[in-house]
Amino acid sequence: MTTYSSSFHAVEWRNQALHLLDQRVLPHQHLIHEYTTATDVADAIRDMVVRGAPAIGIAAAYGYALDALAGRDLEAAYRVLAESRPTAVNLFWALERMASLGTSDAHTLVAEAKKIHDEDISANLAMGEYGASLLSDGSRVYTHCNTGALATGGHGTALGIIRTAMSDGKIEQVYAGETRPWLQGARLTAWELMQDNIPVKLVCDGAAAQLFRQGKVDWVIVGADRITANGDVANKIGTYSLAVLAKHHGMKVMVAAPLSTFDMTLTSGNDIPIEQRSTSEVTSLNGQAIAPTGCDAINPAFDVTPAELIDAIATEKGLIMKPSLETVALLVNS
Ligand code: MRU
1 MTTYSSSFHA
11 VEWRNQALHL
21 LDQRVLPHQH
31 LIHEYTTATD
41 VADAIRDMVV
51 RGAPAIGIAA
61 AYGYALDALA
71 GRDLEAAYRV
81 LAESRPTAVN
91 LFWALERMAS
101 LGTSDAHTLV
111 AEAKKIHDED
121 ISANLAMGEY
131 GASLLSDGSR
141 VYTHCNTGAL
151 ATGGHGTALG
161 IIRTAMSDGK
171 IEQVYAGETR
181 PWLQGARLTA
191 WELMQDNIPV
201 KLVCDGAAAQ
211 LFRQGKVDWV
221 IVGADRITAN
231 GDVANKIGTY
241 SLAVLAKHHG
251 MKVMVAAPLS
261 TFDMTLTSGN
271 DIPIEQRSTS
281 EVTSLNGQAI
291 APTGCDAINP
301 AFDVTPAELI
311 DAIATEKGLI
321 MKPSLETVAL
331 LVNS
């Protein structure tokens, strides 16, 4: 395995079973569930026990291997896992990689899932170095959602860059947007950064504009769920507004993502399927109603940030500066 130390594992393969840290109850409870079927792993992905594009892909690969271990139908396993969440392309990428081996041999499939997991950690460590190289000493970074060890195989994408930049002595302050409605920023990112003694201040999503206006931020650094051939980026709802605000205030925007997040079959972000989640996530908080009974709502889980608002995309292969059809193809196909 790639060397990576952490006090927790979002996704862990142990005793021929998948163990997932339940992200619905963090940070105040540390619950781990064991999974032995693809169907149960698909439910865990849909219900957000495990979330974050790379972690979803890794969990799906293990889910597929679990059904191979039990001698179950792998086409059915593929289908049920593919139906769990629509936006993060890492899910489909991982399933395709497993199925393309054309085998039902459990040993081979478990080994491939472990390889996907391991490669994701290495990719994050590499993109951490590339991304951090763009930051100056004393950087103040605003991040959105959770893109850390919880959302990936380990280290993280955007949080991986922040972690690497912190160990390079370049981080003065991190601002974590709370990320309504699911509160990944408040519940997960603040917790992860505090575990690593990285200075973090939690910010209501609505406070970002004022913070930017006061000149308190140098970089917005976020992850991605799908990047199209022209460099458009689908990421957690609220990312697009941050990118527009950053442009207005002359700040830089960096997206961090492994190559497994690129969907070169789509030429524009307009073609990315956007997950619509239950409106109860908007009208209630921790099971407590916060809106009038019967209040209608919308709950798109992701938005699309056009490439022209992004200064750089950091990948394990290097940086894409000013993403476009040309610059994305140059790096992805190199
Ligand atoms: O709904 P989630 O929590 O799965 O959304 C996660 C995000 O949008 C992340 O920014 C993205 O998956 C990148 S994680 C490294």
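My numbering numbers the first residue of the sequence shown as 1 and each following residue consecutively. Glycine is no exception: its CB is placed at the ideal position from the N, C-alpha and C atoms.
So what's residue 311 in DSSP terms, helix, strand or just coil? coil
Relative to the ligand MRU, is the shortest distance from any of its heavy atoms to the C-beta of residue 24 smaller than 7 Å? no
Expressed to the nearest angstrom, what Euclidean distance is found between the alpha-carbon atoms of residue 211 and residue 321? 26 Å
Out of 176, 204, 185, 195, which one is the CA nearest neighbour of residue 219? 176
Please report the Cβ distance between residue 151 and residue 55, rounded to the nearest whole angstrom; I am assuming they are in contact, meaning their Cβ atoms lie under 8 Å. 5 Å
With a threshold of 7 Å, establish whether the CB of residue 47 neighbours any heavy atom of the ligand MRU. no
Cα separation between residue 331 and residue 227? 13 Å
If you reduce the DSSP assignment to three classes, tell me which class residue 46 lands in. helix
For residue 107, does the three-state DSSP call read helix, strand or coil? helix
Does the ligand MRU have a heavy atom nearer than 7 Å to the CB of residue 222? yes
Cβ pair count under 8 Å reaching 3, the stretch 296-304 against the stretch 274-283: yes
In chain order, what residues of the same chain lie with their CB nearer than 8 Å to the CB of residue 18, ignoring the 5 residues before and after it? 11, 12, 34, 35, 36, 41, 59, 62, 63, 66
What residues are listed by DSSP as bridge partners for residue 318? 315
Whole angstroms is fine: what's the gap from residue 102's alpha carbon to residue 326's? 34 Å
For residue 81, the nearest candidate out of 87, 91, 72, 73 (CA to CA): 91
For residue 98, report the span of its alpha helix (DSSP H) as first-last. 89-99
Extent of the continuous alpha helix (DSSP H) to which residue 248 belongs: 239-248
Closer than 7 Å: is that where the CB of residue 147 sits relative to any heavy atom of the ligand MRU? yes
Within its chain, find whatever has a CB closer than 7 Å to the CB of residue 31; leave out the 5 residues flanking it on each side and keep chain order. 22, 25
Rank 292, 323, 290 by C-alpha distance to the C-alpha of residue 306 and give the top, closest one. 323
Length at least 4, wholly inside the stretch 58-92: the alpha helix (DSSP H) runs in chain order: 74-82
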